[in-house]
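S.K.: Those protein sequence lines, which keep their order, are chains G and X. For the first sequence, the numbering used here gives the first residue as 20, with consecutive numbering after it. For the second sequence, the numbering used here gives the first residue as 6, with consecutive numbering after it. By construction, the Cβ of each residue, glycine as well, lies at the ideal position given by its N, Cα and C atoms. Quick one: the structure is below, and I'll ask about it shortly.
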Amino acid sequence: MSYALQTDSLVKTYGLGSKRIRAVDGLSLNVPEGSIYGLLGRNSSGKTTTIRMAMGLAQPTSGSIRVFGLNPSRDPERVRVLEQVGYVPEDKMLAGLTPRKLLELNRSFYPGTWSDDLARKVVRRLELPLDTSFMKLSLGNKTKSALAAAIAQRSRLLILDEPTTGLDPIALDELLRLLVEDCTAEGRTIFLSTHQLAEIEQIADHIGIMDRGRILLEGPLDDIRASFRRIIVTGAALPATHPGILSTKRLAHATQYVLQQEPERFTQELTSNGATVLESCPLSLNEIFIELCRTAEEEDEDEGAAA
Amino acid sequence: MTFLQAAFSFLVFIAPMAGTGVWLLLRARRAAANSETGSLPFQPAAEAEPLRFLHRLNLSQRKVLKQQLQLGAALGTMLSWAFAYIFCMPLLGAGAGGPKWFNPSAWIWYTFLSNGIHTVQFLSTMVMLCAITTAAPLRLGYEALFYRTRPIRIGFLFWSKLLPTLVGLLAGAALGMALAFAILVAWKGQVWRNLPTTIPRALGPEDADIAQWYADLLVTSVPAACLSVLTSIGLLFTGTLALATSPLIRSKSTRTLPFLILPFFAVGFGLIQISAFAGERTAHLFRYLFIYMRLGPPPPYVFALVPVALSLAFIALARAFSDRMEV
């Protein structure tokens with residue numbers, strides 16, 4: 020499998036001495052080519068810093084980051100990376116321009132891949148006013164402008180940092196359709212970071228969940244959904260620890276397990292030991308995300324207390 | 006200078022810039038009104054055939070360069086007007102100190118040149134902002150996010166911002182000085198030809214300053230003073246650029262960066278003012294930097310190489326910083 024974006028033990032720190040912050044802490048990501056990859060994380064989890072390193076806007080402190088096998092930190096490889104990448108940053112404001120001027124400006128940077136037809140299509144579908152100054156545009160329209168410019172580039176990789184900011188539900192729906200219909204149909208890769216899980220769940224085929232600079236989970240969304248399950252059981256001698264258990268919660272007359280791998284096998288083990296399964300249900304992406312983040316937080320707190 | 010003269014002088018200075026500002030505002034309003042009545046579809050014009058000397062550049066490089074050349078030309082025009090105006094200010098209301106002087110031509114020439122050598126100080130904020138504007142697409146805000154994520158080398162981005170702006174500033178200053186001299190000749194004639202080589206009448210103790218100033222005026226070198234203006238602009242511009250790109254200044258906004266750089270200039274400017282008048286020993290520093298702080302004997306021309314070398318060092322520093330800077 021070839022990868023559009025790969026990181027290996029990537030670290031990015033800011034500040035010095037006691038004020039040193041590890042924004043990205045040993046991150047290893049694999050974004051397959053042709054996928055829609057959703058990078059999920061809470062605020063300040065390191066998503067934007069990772070993207071900035073992928074775009075050559077920040078230098079890794081250690082580890083490596085590769086985009087189509089190229090190093091985005093140094094010219095001339097950086098230029099070859101940027102020829103193949105469309106980018107929508109979190110901050111979407113270019114003073115003194117209108118969306119039309121932005122599209123015209125961006126067009127000249129990608130003469131080989133740019134499509135005027137696609138630009139018109141995105142403008143029409145997102146109902147973007149072309150001649151209003153950026154100073155007067157709403158947040159949603161600024162987002163639409165940046166999206167239109169990036170999508171019309173028809174780059175091999177589209178990196179979207181919080182692309183849904185300010186979009187109303189109809190514009191959001193149109194955007195998701197455009198991404199699926201026009202971007203992935205041509206085998207392009209979409210890498211988007213967000214904490215809006217519902218939208219990601221609709222279109223992503225791969226996800227990575229980040230928290231405090233580290234990756235907690237990564238893989239195809241269907242596999243992840245299949246491997247997570249919540250079961251409620253009663254019985255004697257229920258196990259407290261097991262490699263498959265993500266979290267355990269004691270209820271009034273039963274025990275709730277959240278399982279993160281091979282749930283069927285674990286359930287079989289329980290029933291063969293005399294336990295009764297009262298309920299077994301899959302987890303939504305939102306529940307998976309919350310469980311993973313909480314568990315990681317508790318582990319960190321335990322480690323901190325032990326230290 | 007009376008209030009009316011001052012008002013007239015200000016009006017002369019501000020009128021072209023205010024006119025341009027009003028025209029730009031009206032144009033923006035017209036565009037906004039058009040957008041409200043319904044946008045035309047996105048139908049960009051075909052890219053124009055590049056000029057012969059730009060053939061070796063690709064489309065994106067030409068686009069960036071074209072923008073910067075336009076910006077450089079606008080800055081140059083603005084600076085040449087500001088220079089011409091500041092040089093010629095004494096012509097608009099030259100009578101205030103004149104009666105004390107023994108010769109009207111000497112007074113006009115003295116005030117003309119005095120204003121001229123202080124123009125860099127008057128326009129230092131403008132030069133500083135130009136340097137910050139040069140650094141903006143490399144490190145500040147969405148402009149940097151946009152340009153640094155387009156397929157264009159950092160080196161090209163750096164030089165294509167730096168050279169048009171710096172050349173625009175220097176050419177603007179040179180043009181402004183030439184314009185000022187032309188206005189002086191057209192208005193008052195060649196006043197420097199009418200200067201007595203000695204002070205024509207005995208001056209009393211109260212006129213000692215005038216005698217000293219006149220003696221300074223007689224030994225002032227106009228070409229050296231003009232060259233000093235250019236080297237000082239280069240030094241100020243490149244020094245600010247090195248600061249603006251330096252990792253020491255941690256700002257990601259075009260709005261806050263000037264405030265972070267300003268203290269350096271306040272201290273620098275203060276030191277210059279203090280040391281310029283503190284005594285002979287410190288005055289040498291300005292001779293070495295080829296800075297004409299007041300009329301008098303010119304520093305040797307070879308000293309002009311010092312600010313030029315320093316400017317080149319600042320540019321090299323800024324270039325090195327620009328590769329490492331993060332957005």
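Within 8 Å (strictly less), CB to CB, does GLU220(G) reach chain X?
M.R.: Not closer than 8 Å to any Cβ of chain X, the Cβ of GLU220(G) fails to qualify, so no.
S.K.: With a threshold of 16 other CB atoms inside 10 Å of the CB of MET154(G), please say whether the residue is buried or exposed.
M.R.: With fewer than 16 Cβ atoms within 10 Å of its Cβ, MET154(G) is classed as exposed.
S.K.: Kindly indicate which three-state DSSP category GLN217(X) falls into: helix, strand or coil?
M.R.: Correct three-state label for GLN217(X): helix.
S.K.: Which residues in the same chain as GLY81(X) place their Cβ atom closer than 6 Å to its Cβ, once the five residues preceding and following it in sequence are excluded?
M.R.: Counting only Cβ-Cβ distances below 6 Å, and skipping sequence neighbours, we find GLY173, ALA176, GLY177.
S.K.: Nearest-angstrom Cα distance between VAL199(G) and ILE222(G)?
M.R.: Looking at the two C-alpha atoms, the distance is approximately 7 Å.
S.K.: Among LEU84(X), ALA51(X), TRP112(X), which has the Cα closest to the Cα of TYR219(X)?
M.R.: The option with the nearest alpha carbon to TYR219(X) is TRP112(X).
S.K.: How big is the Cα-Cα spacing for SER174(G) and THR138(X)?
M.R.: So the alpha carbons of these two residues sit roughly 30 Å apart.
S.K.: Taking only the alpha-carbon atoms, compute the straight-line gap between LEU235(X) and ALA185(X) and give it to the nearest angstrom.
M.R.: C-alpha separation (whole angstroms): 15 Å.
S.K.: Measure from the alpha carbon of GLU193(G) to the alpha carbon of each residue in PHE210(G), LEU240(G), ARG144(G), then state which is nearest.
M.R.: Here the closest residue by C-alpha is ARG144(G).
S.K.: With a threshold of 8 Å between beta-carbons, can ASP110(G) be considered close to chain X, or not?
M.R.: Output row for ASP110(G): interface = yes.
S.K.: Excluding five sequence neighbours on each side, which residues of the same chain lie with their C-beta closer than 7 Å to the C-beta of MET20(G)?
M.R.: For MET20(G), where only same-chain residues beyond five positions count, the Cβ hits under 7 Å are PRO51.
S.K.: For the segment 71-82 of chain G, which residues have a CB atom closer than 8 Å to at least one CB atom of chain C, in sequence order?
M.R.: Note that chain C does not occur in the displayed structure, where the protein chains are G and X.
S.K.: Tell me which same chain residues have a C-beta within less than 7 Å of the C-beta of LEU240(G), skipping the five on either side of it?
M.R.: These residues qualify, in order along the chain: ALA223, ASP224, HIS225, ILE226.
S.K.: What residues in the segment 134-150 of chain G have a beta carbon less than 7 Å from any beta carbon of chain X?
M.R.: If the cut-off is 7 Å between Cβ atoms, the segment 134-150 of chain G has ASP135, ALA138, ARG139, VAL142, PRO148, LEU149, ASP150 near chain X.
S.K.: For PHE308(G), which residues in the same chain have their Cβ closer than 8 Å to its Cβ, ignoring the five residues on either side in sequence?
M.R.: These residues qualify, in order along the chain: LEU59, LEU216, ILE228.
S.K.: Which residue's Cα is closest to the Cα of PHE87(G): LEU278(G), LEU236(G), ALA73(G)?
M.R.: Selected option, being the one with the closest Cα: ALA73(G).
S.K.: Consider the C-beta atom of VAL142(G) and the heavy atoms of the ligand SAH; say whether any pair is separated by less than 7 Å.
M.R.: Ligands in the displayed structure: none, and consequently the ligand SAH is not present.
S.K.: Tell me the DSSP secondary structure of ASP110(G) in three-state form.
M.R.: Coil at ASP110(G), not helix or strand.
S.K.: At a CB-CB cut-off below 7 Å, which residues of chain G make contact with ALA36(X)?
M.R.: Under the 7 Å cutoff, chain G gives ASP150.
S.K.: Counting beta carbon pairs with one atom in the segment 186-199 of chain X and one in the segment 120-130 of chain G, are three or more of them shorter than 8 Å?
M.R.: Cβ pair count under 8 Å is below three, so no.
S.K.: With 16 other CB atoms within 10 Å as the buried threshold, where does PHE308(X) fall?
M.R.: Per the 10 Å Cβ criterion, buried.
S.K.: What does a CB cutoff of less than 7 Å around SER110(X) pick up in its chain, not counting 5 residues either side in sequence?
M.R.: Hits under 7 Å: VAL196, ASN199, LEU200.
S.K.: If we cut at 8 Å on Cβ distances, does GLY177(X) have a partner in chain G?
M.R.: No - not a single Cβ of chain G is within 8 Å of the one on GLY177(X).
S.K.: Kindly say whether LEU327(G), judged by its beta-carbon, lies nearer than 8 Å to any beta-carbon of chain X.
M.R.: As displayed, chain G neither begins before 20 nor continues past 326, which places residue 327(G) out of reach and without an answer.
S.K.: Any C-beta of chain X within less than 8 Å: which residues of the segment 165-192 of chain G qualify?
M.R.: Per Cβ criterion, the list is empty.
S.K.: Chain G beta carbons: is any one of them nearer than 8 Å to that of SER65(X)?
M.R.: Yes, because at least one Cβ of chain G sits closer than 8 Å to the Cβ of SER65(X).
S.K.: Report the option in LEU300(X), TYR293(X), LEU118(X), GLY301(X) whose CA atom is closest to the CA atom of LEU310(X).
M.R.: Checked all of LEU300(X), TYR293(X), LEU118(X), GLY301(X); the closest Cα to LEU310(X) is TYR293(X).
S.K.: Let me see if you follow: with CB-CB separation under 8 Å, is SER157(G) close to chain X or not?
M.R.: So, not an interface residue.
S.K.: Which complete alpha helix (DSSP H) runs does the segment 280-328 of chain X hold, if anything under 4 residues is left out?
M.R.: Counting whole runs of 4 or more residues, the segment 280-328 of chain X contains the alpha helix (DSSP H) stretches 285-293.
S.K.: When you compare the CB positions of LEU46(G) and ARG233(G), do they come within less than 8 Å of one another, or not?
M.R.: Result yes, Cβ atoms of LEU46(G) and ARG233(G) sit closer than 8 Å.
S.K.: Are there three or more Cβ pairs, one per stretch, closer than 8 Å when the segment 225-232 of chain X is compared with the segment 139-149 of chain X?
M.R.: Output reads no: the segment 139-149 of chain X does not touch the segment 225-232 of chain X.
S.K.: Work out the CA separation of GLY82(G) and GLN75(X) for me, nearest whole Å.
M.R.: Answer to the nearest angstrom: the Cα atoms are 42 Å apart.
S.K.: Closer than 8 Å, CB to CB, is SER127(G) near chain X or not?
M.R.: Chain X contact via Cβ: present.
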